[in-house]
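What follows is one structure encoded as structure tokens, with my remarks underneath.
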């Protein structure tokens, strides 16, 4: 199941809870058996965990998650790479008049790592042509942390990068924007991804 869709569900299987918590299904079963995590059984006898019960469990133990967003604050977007002028344009478009996003910009892999760890963004916009870095490897590392509260990735690709796109698809990246960038379309995509991660009423 696609990550963003998983995070919007109202009830989860033990395997899905394990994925979200970045532990094994056996660990989830133990938590349920010990009464730490509330679960119910379906008519077929399968365990399910309600969204609100999982959130309560995670927050009571200060475990990071993406089920409710970031405490009601504006979504955080980390823009990695790209020419400085283009990055500034994207930042201004995403921020907009309503300041609907909190934007952070990294021009190299080192700065990106610091900002990613410190800010824990909702969305990463990654120019995979980042100088001195392997864009696919950066995506892999971000995706590894996704189940424990990592960001959704929007990859910026140049023309003719079909092979790289296929590599990113294999890594679980599903959002792509072709360069030259349509900033309006990019903003709409960012908001779409954020809405999926922060469903209304969640």
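Numbering (UniProt numbering), first residue to last: 1 to 202.
Every residue gets a Cβ at the ideal spot worked out from N, C-alpha and C, and that includes glycine.
Since we're looking at a predicted model, the values are computed, not measured.
### Query
Considering only residues of the UniProt domain "Response regulatory" (76-194), which uninterrupted beta strand (DSSP E) runs meet the minimum length of 3 residues and lie entirely inside it, listed in chain order?
Whole beta strand (DSSP E) segments, 3+ residues: 76-80, 102-106, 123-127, 152-157 and 175-178.
### Message
Quick check on residue 36: buried or exposed, where buried means 16 or more other Cβ atoms within 10 Å of its Cβ?
### Response
An exposed status is given to residue 36, since fewer than 16 other beta-carbon atoms sit within 10 Å of its beta-carbon.
### Task
Starting from the C-beta of residue 91, find all residues in its chain whose C-beta is less than 8 Å away, skip the five residues before and the five after it, and write them out in chain order.
If the five residues before and after residue 91 are omitted, its C-beta is found closer than 8 Å to the C-beta atoms of 79, 103 and 105, all from its own chain and listed in chain order.
### Query
With a CB to CB cut of under 6 Å and the five nearest residues on each side skipped, what residues in its chain are close to residue 25?
Here residue 25 has 14, 15 and 18 as same chain residues with Cβ atoms under 6 Å from its own Cβ, once five neighbours each way along the sequence are excluded.
### Task
Confirm, please, whether the CB-CB distance from residue 5 to residue 51 is below 7 Å.
Not a contact, by the Cβ cut-off of 7 Å.
### Query
So is residue 194 buried or exposed if we call it buried at 16+ other beta carbons inside 10 Å?
Classification for residue 194: buried.
### Task
Would you mind sorting residue 180 into buried or exposed? The rule is 16 or more other CB atoms within 10 Å of its CB.
So residue 180 counts as exposed.
### Message
I'd like to check one pair, residue 122 with residue 76: are the Cβ atoms closer than 7 Å?
### Response
Result yes, Cβ atoms of residue 76 and residue 122 sit closer than 7 Å.
### Query
Is it true that the CB of residue 124 sits closer than 7 Å to the CB of residue 142?
Judged by beta-carbon spacing, residue 124 lies within the 7 Å limit of residue 142, meaning their Cβ atoms are closer than that value.
### Query
Along the chain, where does the beta strand (DSSP E) that runs through residue 242 open and close?
Residue 242 cannot be examined here, being either before or after the span of the chain that is shown, 1 to 202.
### Query
From residue 178 to residue 12, what does the alpha carbon distance come to, in whole angstroms?
Whole-angstrom Cα-Cα distance: 34 Å.
### Query
From residue 185 to residue 57, what does the alpha carbon distance come to, in whole angstroms?
Answer to the nearest angstrom: the Cα atoms are 37 Å apart.
#### Entry: Strand pairing of residue 11, partner residues [DSSP]
Its beta-bridge partners are 50.
### Query
Span of the alpha helix (DSSP H) holding residue 24?
According to the DSSP assignment, residue 24 belongs to no alpha helix (DSSP H), since it is labelled neither H nor E.
### Task
Output yes or no for whether 7 Å exceeds the beta carbon distance between residue 133 and residue 155.
Against a cut-off of 7 Å, the Cβ pair of residue 155 and residue 133 comes out as no contact.
### Whole-angstrom distance between residue 40 and residue 82, CA atom to CA atom
Approximately 48 Å between the Cα atoms of the pair.
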